[in-house]
Ligand SMILES: Cc1cc2nc3c(=O)[nH]c(=O)nc-3n(C[C@H](O)[C@H](O)[C@H](O)COP(=O)(O)O)c2cc1C
């Protein structure tokens, strides 16, 4: 048995070729995300496909001006619907500091879809990088996202123009316990 190839080969890509990503390719990424599991099958995720240079630039600017993002012809903005666990009238203003317990569950579920998406991209030879260095209060208005939605990540997608070495991971054995916490 071998590990799935995209799990091994995926890297965060921050340099892209000036080549297009087709609508068909984007649809495959979204179909992979669509199949993600979620707690109680709540399926909180929605995605905004952004191709417009003007809008990508605004998203880049609220993402701490990470200029490399602009090389990617498509951004997939991953948005979690807080309404899957919280009734409309009971929604307080949700931001990164919110202690709301449901937010943790919704974010947990939404990130699974993003991982499906980036692994499918790696499988197709496309490059991606998670971007989550923004504040919801800044990115929501750029995309017209209402306050009952939470932006989990922006994924720039493009044809990679770099092959980074694997980034270090902590020692494998150090993260595995047997039967009980602390026992190896
Ligand atoms: C939730 C999350 C947020 C991230 N945000 C950013 C970001 O804003 N900008 C960036 O350049 N990389 C970002 N990254 C990429 C990480 O730096 C990268 O995954 C990590 O260094 C490991 O490298 P690898 O993805 O190539 O294995 C983010 C990754 C995750 C999972």
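In my numbering, the protein residues as written are 11 to 194. Virtual Cβ for every residue (Gly too), placed ideally from N, Cα, C.
Which of helix, strand or coil DSSP assigns to residue i
i: residue 99; result: helix
i: residue 116; result: helix
i: residue 76; result: coil
i: residue 51; result: helix
i: residue 183; result: helix
i: residue 122; result: helix
i: residue 169; result: coil
i: residue 82; result: coil
i: residue 11; result: coil
i: residue 127; result: helix
i: residue 37; result: helix
i: residue 104; result: coil
i: residue 68; result: helix
i: residue 178; result: coil
Per DSSP, the bridge partner or partners of residue i
i: residue 43; result: DSSP output for residue 43 lists no bridge partner at all.
i: residue 28; result: None, per the DSSP bridge assignment.
i: residue 90; result: 55, 160
i: residue 154; result: Answer is none; residue 154 lacks a bridge partner.
i: residue 22; result: 138
i: residue 60; result: 85
Exposed unless 16 or more other CB atoms sit within 10 angstroms - verdict on residue i
i: residue 79; result: buried
i: residue 32; result: exposed
i: residue 70; result: buried
i: residue 103; result: exposed
i: residue 135; result: exposed
i: residue 13; result: exposed
i: residue 179; result: exposed
i: residue 123; result: buried
i: residue 159; result: buried
Rounded C-alpha distance that separates residue i from residue j
i: residue 148; j: residue 72; result: 6 Å
i: residue 68; j: residue 169; result: 22 Å
i: residue 182; j: residue 53; result: 31 Å
i: residue 156; j: residue 113; result: 16 Å
i: residue 57; j: residue 162; result: 10 Å
i: residue 38; j: residue 129; result: 11 Å
i: residue 59; j: residue 49; result: 25 Å
i: residue 55; j: residue 40; result: 11 Å
i: residue 110; j: residue 117; result: 11 Å
i: residue 133; j: residue 16; result: 5 Å
i: residue 119; j: residue 47; result: 7 Å
i: residue 45; j: residue 36; result: 15 Å
i: residue 125; j: residue 43; result: 8 Å
i: residue 75; j: residue 144; result: 10 Å
i: residue 193; j: residue 121; result: 29 Å
i: residue 106; j: residue 146; result: 7 Å
Within-8 Å CB hit, residue i to chain D
i: residue 82; result: No chain D is present in this structure, which holds just one protein chain.
May I have all residues whose beta carbon comes closer than 5 Å to any heavy atom of ligand 1, sorted in chain order? Around ligand 1, the residues selected by a Cβ distance under 5 Å to any of its heavy atoms are 21, 22, 140, 141, 142, 143, 177, following chain order.
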